[in-house]
Amino acid sequence: MLVSATEMLKKAKAGHYAVGQFNINNLEWTKAILQTAQELNSPVILGVSEGAGKYMCGYKTVVGMVNGMMEELNITVPVALHLDHGSYDHCYKCLEAGFSSIMFDGSHYPIDENVAKTTELVKAAHDKGVSIEAEVGSIGGEEDGVVGMGECADPKECKAIADLGVDFLAAGIGNIHGKYPANWQGLSFETLDAIQQLTGDLPLVLHGGTGIPADMIKKAISLGVAKINVNTECQLSFAAATRKYIEEGKDNQGKGYDPRKLLAPGFEAIKATVKEKMELFGSVGKA
Ligand SMILES: [Zn+2]
3 MLVSATEMLK KAKAGHYAVG QFNINNLEWT KAILQTAQEL NSPVILGVSE
53 GAGKYMCGYK TVVGMVNGMM EELNITVPVA LHLDHGSYDH CYKCLEAGFS
103 SIMFDGSHYP IDENVAKTTE LVKAAHDKGV SIEAEVGSIG GEEDGVVGMG
153 ECADPKECKA IADLGVDFLA AGIGNIHGKY PANWQGLSFE TLDAIQQLTG
203 DLPLVLHGGT GIPADMIKKA ISLGVAKINV NTECQLSFAA ATRKYIEEGK
253 DNQGKGYDPR KLLAPGFEAI KATVKEKMEL FGSVGKA
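Everything in the sequence shown is counted per the working numbering, starting at 3 for the first residue and increasing by one.
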């Protein structure tokens, strides 16, 4: 059964580790992440962007697939199904479809409007026992066509949004989505520290986990980050493994064209990436 992300992230913050949010795109992705979490006895958050939700034929399809898979695979670790960077309308769609967690990305609204919409969605989510993440300060890079510059959030604005009752908060601290450019300045730990001092026990979220050096990840966790989003890295490892299989001509050997064979190396590559991240984040054995 899906659970909200609130308890697992409170535990993570108190225990000084982070839970990974791994975005899903299809059955192979979902199975790879769920199986790895179960094998490592780790809590996990399955992230679904609006684009991926549409690709998978809508949120109800996603909920049906995840619930069915958890039952058939005997997944007993805590799993949250989370809308990633949700718009106002899609937050309601996911609440209706049976997601156990949502993110309202109101970072592009003026702060007053972000506050009003977040307040309303906090109530709607909590009425259903669903957790809710909010974002302050846009996170750089591109996600589903939304481009941000990687700015640092204003700690006072973070405090204002935290006080609305959100369960965890994403704050821009120089992190960006996708691959990091060679001239990236690194994370602003000064900003992160200032945010944590104002928001106290509230778990903080680090988006754009792909390519942030391990030492920076560990420092971010020590400063209150309890959820780290990983998306691009699984895509890169899946693509590299699939490319290798085809370039080696394995799809032309025997029944190597069978999709269950063709997609197997990519599936194993996602598992390896998820394992590596769970070990780095410290969530192994914390289910
Ligand atoms: Zn993000």
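Backbone N, C-alpha and C fix where the C-beta goes; we use that ideal spot for every residue, glycine too.
Small disclaimer: the values here were computed from a predicted structure and weren't measured.
Inset, instruction - With DSSP as the reference, please indicate the residues paired to M2 in a beta bridge. - result: Given a span of 3 to 289 for the chain in the structure shown, any question on residue 2 remains unanswerable.
Legend entry - Burial state of T8, where buried means 16 or more other Cβ atoms lie within 10 Å: buried
Legend entry - Spatially closest choice to C160 from W186, Y19, G180 and D195, by CA coordinates: D195
Legend entry - Entirely enclosed alpha helix (DSSP H) segments - the stretch 48-82, minimum 4 residues: 52-57 and 61-74
Legend entry - Residue interval of the beta strand (DSSP E) (run including G22): V21 to N25
Inset, instruction - Please state whether DSSP places F101 in a helix, a strand or coil. - result: coil
Legend entry - Under 9 Å between C-beta atoms of G268 and G22: no
Inset, instruction - Figure out for me which residue from N185, M3, Y19 and K246 has the closest Cα to the Cα of K279. - result: Y19
Legend entry - Three-pair Cβ contact test at 8 Å for the stretch 133-140 versus the stretch 33-45: no
Inset, instruction - Give a single yes or no on whether G210 has its beta carbon closer than 8 Å to a heavy atom of ligand 2. - result: Only ligand 1 can be found as ligands here, which leaves ligand 2 out of the picture.
Inset, instruction - Compare the beta carbon distance of K15 and A228 with 9 Å and say whether it is the shorter of the two. - result: yes
Inset, instruction - Run the proximity test for I141: is its beta-carbon closer than 8 Å to any non-hydrogen atom belonging to ligand 1? - result: yes
Inset, instruction - Quick one: using the 10 Å Cβ neighbour count with 16 as the cut-off for buried, is P183 buried or exposed? - result: exposed
Inset, instruction - Sort G202, D91 and W186 by Cα distance to G226 and report the nearest one. - result: G202
Legend entry - Candidates L83, E270 and N177, of which the one nearest G49 by Cα: L83
Inset, instruction - Would you check if there are 3 or more beta carbon pairs closer than 8 Å linking the stretch 216-224 to the stretch 242-249? - result: no
Inset, instruction - Starting from L204, follow the beta strand (DSSP E) in both directions and report where the run begins and ends. - result: Note, L204: premise wrong, no beta strand (DSSP E); not H, not E.
Inset, instruction - Say yes only if the C-beta of N116 is nearer than 8 Å to one or more non-hydrogen atoms of ligand 1, and no if none qualify. - result: no
Legend entry - 9 Å Cβ cutoff met for V81 and V68: yes
Legend entry - Buried or exposed by the 16-neighbour rule on C-beta atoms within 10 Å, applied to N76: exposed
Inset, instruction - Specify the secondary structure class of I214 as computed by DSSP and reduced to three states. - result: coil
Legend entry - Opposing strand residues paired with F106 [DSSP bridges]: G88 and A136
Inset, instruction - With a threshold of 16 other CB atoms inside 10 Å of the CB of Q187, please say whether the residue is buried or exposed. - result: exposed
Inset, instruction - Could you spell out the range, first to last residue, of the beta strand (DSSP E) harbouring V232? - result: V227 to V232
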